[in-house]
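Student: Heads up, the sequence shown stops at 475 in the numbering used here, and the numbers go up one at a time, no gaps.
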Amino acid sequence: MYSLLLKFKAPLQAWGADSRFKTRATNNEPTKSGVIGMVAAALGRGRDESVDDIAELRFAVRTDYPGTLERDYQTARNWFDPREKNSQLSNRYYLADAVFLVALSSPDKALLEEVEAALRRPYYPLYLGRRSCPANADLVLGIEAGDGEERLRAAEWHAPEWVQKQLPQLVSLPISRDAEPGEPSDTLRDTPVSFNPEYRQYALRSVFRAEPLEVQNPLGQALENDDYMQEVREA
Numbered sequence: 241m242y243s244l245l246l247k248f249k250a251p252l253q254a255w256g257a258d259s260r261f262k263t264r265a266t267n268n269e270p271t272k273s274g275v276i277g278m279v280a281a282a283l284g285r286g287r288d289e290s291v292d293d294i295a296e297l298r299f300a301v302r303t304d305y306p307g308t309l310e311r312d313y314q315t316a317r318n319w320f321d322p323r324e325k326n327s328q329l330s331n332r333y334y335l336a337d338a339v340f341l342v343a344l345s346s347p348d349k350a351l352l353e354e355v356e357a358a359l360r361r362p363y364y365p366l367y368l369g370r371r372s373c374p375a376n377a378d379l380v381l382g383i384e385a386g387d388g389e390e391r392l393r394a395a396e397w398h399a400p401e402w403v404q405k406q407l408p409q410l411v412s413l414p415i416s417r418d419a420e421p422g423e424p425s426d427t428l429r430d431t432p433v434s435f436n437p438e439y440r441q442y443a444l445r446s447v448f449r450a451e452p453l454e455v456q457n458p459l460g461q462a463l464e465n466d467d468y469m470q471e472v473r474e475a
């Protein structure tokens, strides 16, 4: 098994699995449909072309920093139609300053190499979930031997320095991945079957929440300086 590691680190990200109409929510981590869509764009595939081969890639995510949830309240109106009197209102939610590591895994190293090359020189522009969220330039970390969870546990922590200074000296990084048969799991409808605008279709995916990765934070605050822990000791 081989894994292609990607780093998502940008001012805004948005990963909606079920959002439609006037409220566009975001999941708290990247979705498989969003990432596979980005890969398809990098490869230059049209929305009506098959994504079966890349949708079969194993998917895993590590949250290095969850970011903060931001709401963008928008109004839109068709100024070219004098009969249009009412504005269309919508709420769009984003993750600000979030950092994720994503692993795409397969025994087919040649397929991963094709994906890696495309992401380094994409056919279409790349976005982290929505077109208002351009991807970071240092997106691709490279291919390594091992499954997704194994490589995510071995990868360095990518939270920015200003974030590390706000966190304790021991930090837990959540990890989720495609579930193996028999593992306890959540269910998401985020495996792409077709991106055709006239017939978008997504299959269910079983998601296993793995044991979080504990990392040492050399810039972190000691517990004795933590206001919350001080209140606990004094209670």
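In this text, a Cβ means the ideal position worked out from N, Cα and C, and glycines have one as well.
Determine contact between the stretch 351-364 and the stretch 266-273, defined as no fewer than three beta-carbon pairs at a distance below 8 Å.
Tutor: Cβ pair count under 8 Å is below three, so no.
Student: Confirm, please, whether the CB-CB distance from residue 300 to residue 386 is below 7 Å.
Tutor: Contact: no.
Student: Could you please give the first and the last residue of the uninterrupted alpha helix (DSSP H) stretch that includes residue 272?
Tutor: Its alpha helix (DSSP H) spans residues 272-283.
Student: Could you confirm whether any beta carbon from chain D is found closer than 7 Å to the beta carbon of residue 365?
Tutor: Absence of chain D from the displayed structure is noted, only one protein chain being present.
Student: Measure how close the beta-carbons of residue 351 and residue 383 come, nearest whole angstrom, since I'm counting them as under 8 Å.
Tutor: About 11 Å separates the two Cβ atoms, so there is no contact after all.
Student: Go through its chain and collect everything with a Cβ distance to residue 297's Cβ below 7 Å, but skip five positions before and after it.
Tutor: So the qualifying residues of the chain are 344, 345, 346.
Student: Please report how far the alpha carbon of residue 292 lies from the alpha carbon of residue 246, in whole angstroms.
Tutor: Cα-Cα distance, rounded: 20 Å.
Student: Just reading off the alpha helix (DSSP H) that residue 292 is part of, what are its end residues?
Tutor: Element bounds for residue 292: 292-295.
Student: From the DSSP output, in three-state form, read off residue 360 for me.
Tutor: DSSP places residue 360 in helix when its eight states are reduced to three.
Student: Among 380, 393, 424, which residue has its Cα nearest to the Cα of residue 452?
Tutor: For residue 452, the nearest C-alpha among the options comes from 393.
Student: Can you confirm whether the stretch 367-383 touches the stretch 438-458 when touching is taken to mean that 3 or more C-beta pairs between the two stretches lie within less than 8 Å?
Tutor: Too few Cβ pairs lie closer than 8 Å, so no.
Student: Do residue 331 and residue 311 come within 7 Å of each other at the CB atom, strictly closer than that value?
Tutor: A contact, by the Cβ cut-off of 7 Å.
Student: Please name the residue or residues paired with residue 380 in a DSSP beta bridge.
Tutor: Beta-bridge pairing links residue 380 to 246.
Student: Does the Cβ-Cβ distance between residue 288 and residue 436 come in under 7 Å?
Tutor: Cβ distance < 7 Å, so residue 288 and residue 436 count as in contact.
Student: Assuming the contact rule is C-beta atoms closer than 8 Å, residue 283 and residue 373 should be a hit. Round their C-beta distance to whole Å, please.
Tutor: So it is not a contact: roughly 20 Å between Cβ atoms.
Student: Report buried or exposed for residue 249, applying the criterion of at least 16 other Cβ atoms within 10 angstroms of its Cβ.
Tutor: The residue in question, residue 249, is buried, as its Cβ has 16 or more Cβ neighbours within 10 Å.
Student: Applying the 10 Å Cβ sphere with the 16-neighbour rule, what's the burial state of residue 416?
Tutor: Residue 416 comes out buried.
Student: Pull up the DSSP beta-bridge partners for residue 320, would you.
Tutor: DSSP, once it has assigned bridges, lists no residue as partnering residue 320.
Student: Would a C-beta distance cut-off of 7 Å place residue 399 and residue 337 closer than the cut-off?
Tutor: Going by C-beta atoms, residue 399 is not nearer than 7 Å to residue 337.
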